[in-house]
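A.B. asks: For the record, the sequence lines run as chains R and L.
For the first sequence, the working numbering begins at 4 and goes up steadily by one.
For the second sequence, the working numbering begins at 2 and goes up steadily by one.
Right, I'll just put the structure down here and ask away after.
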Amino acid sequence: MNLAELEMHRRSRSGSVLFRLCALIVLLALGCCRAHAGTGGEFFTLQQPGHLGLTAFASGFGSDTYATTGAGFQLEQSVTRYVGLVGRVSAFQVYQGKGYNSPFVTESTGVRTYERFEGGVDLKPASGVSLVVLGGRDVGNSNAPVIEGDFSSWLFQYRPYPVNLSFSSTHFFENAVTSNQIDLRAVVYGTARWLLLLGGGGAVWGGGTVGKPNGQGGPDVGLFLREHHTSIDLQSGYGSSHLYGLLSVSVGLGWDE
Amino acid sequence: MTGDQGSPVRTSNRGNNPRPGLEINHGLKFGTGGGLGLALQQLGRAYFRHVARLCAKAALKVRLAPTLGRSRSLVFLLVLLLAVSVAKSDEPVGSIQELRGTAQVFRAAKTIAAAVGILVMLGDRIETLADSELTLILRGGTRLTLGEDSTIIIDRHLVATHIQTSIRLLLGKLRSWVNDTGGAGGVNFEIHTPNGVAAARGTDFEVEFIEGKPCPADPSCLRYTTVGVYQGVVVVANPTSPAGSLPVTVTAGYQTTIPCESPPTPSARWGAEELRAPGYH
């Protein structure tokens, strides 16, 4: 694939992804408005008092073909009960190869670093449901726009084993690759201090310089320390990057204004 | 009431101060936020004291007819019983064991700066300020930790064969470690918030009443109670629910929420609502 073809492919692909994301946002917004139309238009009422949330996160992925680490933080300011504004700053290091979340056109042979600055909205149409839609740009060894959508929802919330379904989709304009991650986890055990989650998940990525879809998947183990607002998540499995391990830690804090 | 061995609380018949706090608990508590019931209770106490004083004076100064000679002993007995009754109701229910930051105790028309060791009387209103935390030990061994910006009133605390405690949480967070070994007849421990009641037997749990913030279970409601259980079982109900609230049983590791006048939500895993996608997403 020459550069002109790649550029054409990138544009058509990004147009399609943007269209899908816009359609999803409109659908969710319409759903929110319809759901709350009978409650006096509360969808547009400013949340008083507001809430500022801060989430710090760090993650690492390792396999014999791809290795990367990342860390950052996210600020979320409530606007209405159903909408929040989100800003996210993260920094990544790719040590070798290409993988599910690499924005690079070519494989890395040495360490490459880039920072990602994103902003967007968090739509919360119902209790336990969240869709964060972000747009931004990579700066550094990767230097191109990026768009992202993160969906999370609780199922069977009032059962002994509530289930969390989460889905993330990111499109890297640098290499025109779209990467999707999905996880389904259930709270299998818990006390007042911690929750243990078990489930499965993986990633599918393709398009752009990757071409055909690649994939990986395996079991998930999650530990949530309630009093410290800390999540520790581990996934290990097999796929296009061969045997891999993925570990992340995130801490959430919040302040009422 | 019975004194309890092993309790860190100094009751009136122990320690150097014979009846600390008794003098300043003689006034009525109107205007201190104790509520009508509490005010009537204290009005009754003041009335009994007045009657007791009059009876004592009458018994000492008035020469009674010989036919009433036998009644004199009855009058003395009555006076003694009344005096004992009044004294019992003024006994401290506990003491402040730990304090971080600033807290105040409102007793009658007086405001006392909270400090470690201060005895807490029935009907005291205890308030913590921002970035403050206060721990109380009640007679019988039950431990209460009041979070920041929180207010409680101890309405009832009887330590006998059956321990009965009723506490009003007007705002903020209260964690309770209920000692169920203090009474042979069991423990009846209740936390009342403006829209909920949490009743426990031998347990460790936390009740929070929040005003002015959207309830996670019903964002249109801006005043709600949450009950989370560390150990044991707590039964939660909303007595203000117009539809009639079926109580919800909450076990260890679970929580429930009472939005406004609605019944409590079914119990759910405590903390799960904070979780979203794994951090590597």
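For glycine and all other residues, C-beta sits at the position ideal for the given N, C-alpha and C.
Keep in mind that this is a model prediction, so the values were computed, not measured.
Take every Cβ of the stretch 63-74 of chain R, pair it with every Cβ of the stretch 89-109 of chain R, and state whether three or more of those distances are shorter than 8 Å.
C.D. replies: They touch, by the three-pair rule.
A.B. asks: Cα-Cα, which of R:L250, R:G202 and R:V180 is closest to R:V190?
C.D. replies: Considering only alpha carbons, the answer is R:G202.
A.B. asks: Taking CB distances under 8 Å as the criterion, tell me whether R:T71 reaches chain L.
C.D. replies: Output row for R:T71: interface = no.
A.B. asks: Does the beta carbon of L:P267 come closer than 8 Å to any beta carbon on chain C?
C.D. replies: The question asks about chain C, but that chain is absent: this structure's protein chains are R and L.
A.B. asks: Starting from R:W258, trace the beta strand (DSSP E) in both directions and tell me its first and last residue.
C.D. replies: Element bounds for R:W258: Y247 to D259.
A.B. asks: Using 8 Å as the limit for Cβ to Cβ distance, is R:R84 near chain L?
C.D. replies: With 8 Å as the cut-off, R:R84 counts as an interface residue toward chain L.
A.B. asks: Which term fits L:T182, buried or exposed, when burial requires 16 or more other beta carbons within 10 angstroms of its beta carbon?
C.D. replies: Classification of L:T182: exposed, given that the 10 Å Cβ count is below 16.
A.B. asks: In this structure, does DSSP put R:S179 in helix, strand or coil?
C.D. replies: Per the sequence presented here, residue 179 of chain R reads as Ala, with Ser not at that position. It is coil, neither helix nor strand.
A.B. asks: Are L:R176 and L:I153 touching if we call contact CB-CB under 8 Å?
C.D. replies: No.
A.B. asks: If contact is defined by three or more beta carbon pairs under 8 Å, each pair taking one atom from either stretch, is the stretch 109-119 of chain R in contact with the stretch 84-95 of chain R?
C.D. replies: Taking 8 Å as the limit for Cβ pairs, the verdict is that the stretch 109-119 of chain R does touch the stretch 84-95 of chain R.
A.B. asks: Using 8 Å as the limit for Cβ to Cβ distance, is L:Y281 near chain R?
C.D. replies: Interface residue, yes.
A.B. asks: Is it the case that the stretch 265-279 of chain L contacts the stretch 228-247 of chain L, given that we only count it when at least three CB pairs across the two stretches are under 8 Å?
C.D. replies: Enough Cβ pairs lie closer than 8 Å, so yes.
A.B. asks: Helix, strand or coil: how does DSSP classify R:R91 here?
C.D. replies: In this structure, R:R91 counts as strand in the three-state DSSP scheme.
A.B. asks: Determine, for L:G229, whether the minimum Cβ-Cβ distance to residues of chain R falls below 8 Å.
C.D. replies: Yes - at least one Cβ of chain R is within 8 Å of the one on L:G229.
A.B. asks: At the level of alpha carbons, what is the spacing between R:G131 and L:A114?
C.D. replies: Those two C-alpha atoms are separated by around 42 Å.
A.B. asks: For R:L57, tell me which candidate among R:P222, R:T233, R:L237 and R:S66 has the shortest Cα-Cα distance.
C.D. replies: The shortest Cα separation from R:L57 among R:P222, R:T233, R:L237 and R:S66 belongs to R:T233.
A.B. asks: Where does the unbroken beta strand (DSSP E) through R:A206 begin, and where does it stop?
C.D. replies: That run of the beta strand (DSSP E) goes W197 to G210.
A.B. asks: Can you confirm whether R:N183, when its beta carbon is compared against all beta carbons of chain L, has any partner nearer than 8 Å?
C.D. replies: No, its Cβ sits nowhere closer than 8 Å to a Cβ of chain L.
A.B. asks: From R:G248 to R:G53, what does the alpha carbon distance come to, in whole angstroms?
C.D. replies: When rounded, the distance between both Cα atoms is 38 Å.
A.B. asks: Fully enclosed by the stretch 205-241 of chain L, which alpha helix (DSSP H) runs are 4 residues long or longer?
C.D. replies: Runs of the alpha helix (DSSP H) inside the stretch 205-241 of chain L: none found.
A.B. asks: With DSSP as the reference, label R:F107 as helix, strand or coil.
C.D. replies: Of the three classes helix, strand and coil, the one that applies to R:F107 here is coil, per DSSP.
A.B. asks: Kindly give me the distance between the Cβ atoms of R:G242 and R:G210, rounded to whole angstroms, as I take these residues to be in contact under 8 Å.
C.D. replies: So it is not a contact: roughly 17 Å between Cβ atoms.
A.B. asks: Would you list the residues sitting across from L:I153 in a DSSP beta bridge?
C.D. replies: For L:I153, which the question treats as bridged, DSSP gives the partners L:I127 and L:L170.
A.B. asks: R:S244: which of R:S62, R:S66, R:S111 and R:R229 sits nearest, CA to CA?
C.D. replies: Checking every option, the nearest Cα to that of R:S244 belongs to R:S66.
A.B. asks: Tell me whether R:L256 is buried or exposed, calling it buried when 16 or more other Cβ atoms sit within 10 Å of its Cβ.
C.D. replies: With fewer than 16 Cβ atoms within 10 Å of its Cβ, R:L256 is classed as exposed.
A.B. asks: Can you check whether the CB of L:C216 is closer than 8 Å to the CB of L:T257?
C.D. replies: Going by C-beta atoms, L:T257 is not nearer than 8 Å to L:C216.
A.B. asks: Write down every uninterrupted run of the alpha helix (DSSP H) in the stretch 131-173 of chain R whose length is 4 residues or greater and which is fully enclosed by it, in chain order.
C.D. replies: Entirely contained in the stretch 131-173 of chain R, not one alpha helix (DSSP H) run reaches 4 residues.
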